[in-house]
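All the letters of the sequence shown, read from the start, carry residue numbers 24 to 382 under the working numbering.
Idealized CB from N, CA, C, for every residue including glycine.
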Amino acid sequence: MNEPKSHITFIYYFYKFIIKTNRLLSYLYQPDFHFFTFFSRIMTLQQLEYALALQKYGSYSRTATAMGITQPGISLQIKRLEDSLGLVLFDRTTRMVKPTEAGQLFLDKAQLLLAQARQLRELGKDLGEEYSGKFNIGIIPTLAPYLLPLFVQQLNESFPKLHITVREVVTEEIIEGIKTGELDFGIISTPIESKIKFQVLPLFYEKFLLFVSSKHELFETESIDIATVPPGDIWLLKEGNCLRNQVDDICNLNTRKRSPSTLFYFESNSIESLCRIVEHKGGVTILPELTTISFDSERESMIKELEGPERVREVSLIHLPNHLRSPFIAQIGEVIKGSVPRKLLEKGERDLVHTNVVV
């Protein structure tokens, strides 16, 4: 019963093909048709790459150097792109070349298009019996030292032909890398606010714990109300870090001020540095649960529960919507989930601590 329908469908699309071919041929054979003019109006991916590079570097000379061609070559390709669009992409009246308002909207879309083009180059390598090719992953510094050792070996064993590059960078750089196609996906703390609706795959949820110096007056207390800890006793990650934002939220530090008489003030990008400071100088810091799973017995004695409703940070795998390798990314997500302690996999009734990250 399906055979007649398939014949009708074939005839219909073949008819459309003939009509479009005839229209193209009639256009090509017009007396005023110029072959090179016609094809010079076709936008190319290479031109989009040059335009995005010009946006990044803000100068024709620096763009030419970065892209390995001459400055006149860059100028010519950008002009051809603008002519093909009928749109001025860049404001050349200022010292730094900047996108026009319309140009910025176009370049945002072009960035996504190029990212998908890069995915397409790798897709063919995934269509064989085994996944292969290259995969670039971004992971935030507060996760990388603790999560990577748990899953990287299993990932290599599951996909032995896959070439993996991992970059330890902050959330904003991961998002930018995903948008440009330099990264296939990132592992970050979520939720975040973004103009782009990213595909988000939650991996696990970790509660927050207090790490208390043996010299501190609260060391013998097993469960601590954070409001009873003086702000000056709390060692923090550097401002701008999403975990710092979450700790600020938990501790309500935006309304609790550190004493101006503090003689030693230290902020770090490293959780391990904070732990070492607590051990040797005193005070407390707040740690996500995964950082503590390999602690020795001495450090375990310094871990205290936070009183009140349990709040957690959500760790997710994030990538562009409609990524051509989405099924493969989901498989990598399952490998990661299988590597963390099972008690971290469910959020339950616990509340999320928001990252307050806007990108």
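Exercise for review: With distances taken Cα to Cα, identify the nearest neighbour of Leu343 among Phe227, Leu166 and Phe208.
Suggested key: The residue labelled residue 343 in the question sits at position 320 within the sequence shown. Answer by Cα proximity: Phe208.
Point to revise | The alpha helix (DSSP H) enclosing Lys218, as first and last residue numbers | key: Here residue 218 refers to the residue found at position 195 when the sequence shown is read from its first residue. No alpha helix (DSSP H) holds Lys218; DSSP gives it neither H nor E.
Review point. Do you know offhand how far Tyr205's Cα is from Ala133's?
Key: Position 182 of the sequence shown, counted from the first residue, corresponds to residue 205. Position 110 of the sequence shown, counted from the first residue, corresponds to residue 133. Looking at the sequence provided, one finds Glu at residue 205 rather than Tyr. Spanning the two alpha carbons is a distance of roughly 14 Å.
Review point. Since Ser438 is in the beta strand (DSSP E), which residue starts that stretch and which ends it?
Key: An answer regarding residue 438 cannot be provided, because it is not within the stretch 24 to 382 covered by the chain.
Check your understanding: Out of Glu245, Leu71, Leu166 and Ala167, which has the shortest C-alpha to C-alpha gap to Leu130?
Key -> Your numbering for residue 130 matches position 107 in the sequence shown. For Leu130, the nearest C-alpha among the options comes from Leu71.
Review point. Going by C-alpha distance, which of Phe227, Pro253 and Arg336 is nearest Ser362?
Key: If you number the sequence shown from 1, residue 362 lands on position 339. Out of Phe227, Pro253 and Arg336, Phe227 has the C-alpha closest to the C-alpha of Ser362.
Check your understanding: By DSSP, does Phe318 sit in helix, in strand, or in coil?
Key -> Here residue 318 refers to the residue found at position 295 of the sequence shown. Three-state DSSP puts Phe318 in coil, outside helix and strand.
Practice item. For Phe174, collect the residues of the same chain with a Cβ closer than 7 Å to its Cβ; drop the 5 residues on either side in sequence, then sort them by chain order. Key: Locating residue 174 in the sequence shown gives position 151, where the first residue counts as 1. Same-chain partners within the cutoff: Val358, Ile359 and Ser362.
**Study point:** Residue(s) in a DSSP beta bridge with Ser349
**Key:** Residue 349 sits at position 326 when you count from the first residue of the sequence shown. Answer is none; Ser349 lacks a bridge partner.
Review point. Unbroken alpha helix (DSSP H) runs of length 4 or more, entirely within the stretch 123-211: which are they?
Key: 124-149, 167-181 and 194-203
Review point. Which of helix, strand or coil does DSSP assign to Pro254?
Key: Taking the sequence shown and counting its residues from 1, the one referred to as residue 254 is at position 231. Of the three classes helix, strand and coil, the one that applies to Pro254 here is helix, per DSSP.
Exercise for review: Would you please state the rounded distance, in angstroms, between the beta carbons of Tyr80 and Leu313? I believe it to be under 8 Å.
Suggested key: The residue you call residue 80 lines up with position 57 of the sequence shown. The residue you call residue 313 lines up with position 290 of the sequence shown. Not really, about 38 Å apart at Cβ, beyond 8 Å.
Review point. Between which two residues does the beta strand (DSSP E) harbouring Met328 extend?
Key: Indexing the sequence shown from 1 puts residue 328 at position 305. Checking the sequence shown, residue 328 turns out to be Glu, not Met. Per DSSP, the continuous beta strand (DSSP E) segment holding Glu328 begins and ends at Ile326 to Leu329.
Point to revise | Residue span of the alpha helix (DSSP H) that contains Pro95, given as start and end | key: In the sequence shown, counting from the first residue as 1, residue 95 sits at position 72. For Pro95, the enclosing alpha helix (DSSP H) begins and ends at Gln94 to Leu108.
Practice item. May I have the straight-line CA-CA distance separating Val376 from Pro350, to the nearest angstrom? Key: In the sequence shown, residue 376 corresponds to position 353, counting from 1. In the sequence shown, residue 350 corresponds to position 327, counting from 1. The alpha-carbon separation between Val376 and Pro350 amounts to approximately 29 Å.
**Study point:** CA-to-CA distance, Phe242 to Thr117, given in whole angstroms
**Key:** Sequence index remark: in the sequence shown, residue 117 carries index 94 (1-based). Sequence index remark: in the sequence shown, residue 242 carries index 219 (1-based). If you take the alpha carbons of Thr117 and Phe242, they lie about 60 Å apart.
Practice item. Check whether the stretch 235-249 touches the stretch 292-299, taking contact to mean three or more Cβ pairs, one atom from each stretch, closer than 8 Å. Key: No, the stretch 235-249 is not in contact with the stretch 292-299.
Point to revise | Status (buried if at least 16 other CB within 10 Å, exposed otherwise) for Pro183 | key: Numbered from 1 along the sequence shown, position 160 holds the residue referred to as residue 183. By the neighbour-count rule (16 or more Cβ atoms within 10 Å), Pro183 is not buried but exposed.
Check your understanding: By how many angstroms is the C-alpha of Ile294 removed from the C-alpha of Leu171?
Key -> Translated into positions along the sequence shown, residue 171 becomes position 148. Translated into positions along the sequence shown, residue 294 becomes position 271. Their backbone Cα atoms lie some 15 Å apart in a straight line.
Review point. Tell me the DSSP bridge mates of Lys230?
Key: Residue numbering aside, residue 230 sits at position 207 when the sequence shown is read from its first letter. For Lys230, which the question treats as bridged, DSSP gives the partners Val335.
Practice item. Kindly identify the DSSP beta-bridge partner or partners of Ser362. Key: Mapped onto the sequence shown, residue 362 falls at position 339. For Ser362, which the question treats as bridged, DSSP gives no partner whatsoever.
Practice item. For the stretch 153-165 and the stretch 187-194, state whether three or more C-beta atom pairs, one from each stretch, are separated by less than 8 Å. Key: The stretch 153-165 is in contact with the stretch 187-194.
**Study point:** Run of the alpha helix (DSSP H) containing Leu297, from where it starts to where it stops
**Key:** As a working note, residue 297 is residue 274 in the sequence shown. Counting along the chain, the alpha helix (DSSP H) containing Leu297 begins and ends at Ile294 to Lys304.
**Study point:** Alpha-carbon to alpha-carbon, Leu185 and Arg267
**Key:** On the sequence shown, position 244 is the one that residue 267 refers to. On the sequence shown, position 162 is the one that residue 185 refers to. Between the C-alpha atoms of Arg267 and Leu185 there is a straight-line separation of about 34 Å.
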